[in-house]
Amino acid sequence: MAMMMDLAHLQEIGLNVVAAPASKQSQRGVPPPPAPVAQRPRRPVVTRFAPSPTGYLHIGGGRTSLFNYLYARHHGGKFLIRIEDTDVERHNEAAVDAILKGMAWLGTPHDGEIVRQRERIGRHKEVAAQLLANGGAYKCYCSKQELEAMRAEAEKQKVAFRYPGKCRDVGPGFK
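What follows is the structure, encoded as structure tokens:
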């Protein structure tokens, strides 16, 4: 079911929006708004934007940030930021600042504190250990070079890279 855009809300947040006259909407085949649905309790809407800080905010990240922000605001929810900073080799704190400045320029302020993934690394390790123990995950012993070769082969064949599960049945004693 298509949702009708709340034009008044978009205008409140500063977007210059002009609605097409109803006659033009019907000419274009736009269906009338759906009948109201019985009220039921809903969980609050919470959206997030989780950039990987390796460079500036790019157009795709800006789009995601803007859509998530608008969706949260439209539904009276929260828009959160989570920095994906667990890749220590590629992490760049200047990129975090550039991304936040780009989001400010876009007009997408976040609610609450910025969450950094590395601050929760202890919890991630705990969950990973549980998954390994109950068979929900397995360790991969492939080297970076082996993984890069697999990616290059997929690219050469013009298919999306998908890890083949090479280490799925390797026991914990393998190294």
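Numbers 239 to 413, taken from this note's numbering, label the letters of the sequence shown in order.
We put the CB at the ideal spot given by N, CA and C, even for glycine.
Small disclaimer: the values here were computed from a predicted structure and weren't measured.
Going by alpha carbons, who is nearest to residue i out of the options?
| i | options | result |
| --- | --- | --- |
| residue 320 | 314, 349 and 387 | 349 |
| residue 317 | 285, 281 and 401 | 285 |
| residue 357 | 347, 324, 366 and 339 | 324 |
| residue 315 | 326, 395 and 282 | 282 |
| residue 295 | 342, 368, 395 and 280 | 342 |
| residue 313 | 288, 280, 297 and 291 | 280 |
| residue 290 | 309, 351 and 355 | 355 |
Could you tell me the distance, in whole angstroms, from the CA atom of residue i to the CA atom of residue j?
| i | j | result |
| --- | --- | --- |
| residue 239 | residue 379 | The predicted position of residue 239 is uncertain, since its pLDDT is 39 and thus under 50; a value taken from the coordinates is nonetheless stated next. Approximately 46 Å, taken between the alpha carbons. |
| residue 371 | residue 405 | 16 Å |
| residue 386 | residue 402 | 13 Å |
| residue 241 | residue 304 | Because residue 241 carries a pLDDT of 46, less than 50, the predicted location of this residue cannot be relied on, and no value is offered for it. |
| residue 391 | residue 384 | 11 Å |
| residue 344 | residue 300 | 8 Å |
| residue 365 | residue 336 | 32 Å |
| residue 363 | residue 389 | 26 Å |
| residue 369 | residue 408 | 16 Å |
| residue 326 | residue 292 | 10 Å |
| residue 288 | residue 338 | 11 Å |
What does residue i pair with, by DSSP beta-bridge criteria?
| i | result |
| --- | --- |
| residue 396 | The partner list for residue 396 (beta bridge, DSSP) is empty, contrary to what the question assumes. |
| residue 285 | 317 |
| residue 354 | 321 |
Tell me which same chain residues have a C-beta within less than 6 Å of the C-beta of residue i, skipping the five on either side of it?
| i | result |
| --- | --- |
| residue 307 | 317 and 346 |
Only counting the same chain, and skipping five residues up and downstream in sequence, which positions put a Cβ closer than 8 Å to that of residue i?
| i | result |
| --- | --- |
| residue 359 | 324 |
| residue 302 | 287 |
Using 9 Å as the limit for Cβ to Cβ distance, is residue i near chain C?
| i | result |
| --- | --- |
| residue 378 | This model lacks chain C altogether; it includes just one protein chain. |
Under 7 Å Cβ to Cβ from residue i, same chain only, skipping five residues before and after it: list those, please.
| i | result |
| --- | --- |
| residue 352 | 319 and 321 |
Indicate whether the contact test is met: 3 or more Cβ pairs, each with one atom in the region 325 to 340 and one in the region 367 to 375, closer than 8 Å.
The region 325 to 340, when compared against the region 367 to 375, does not touch it at the 8 Å Cβ threshold.
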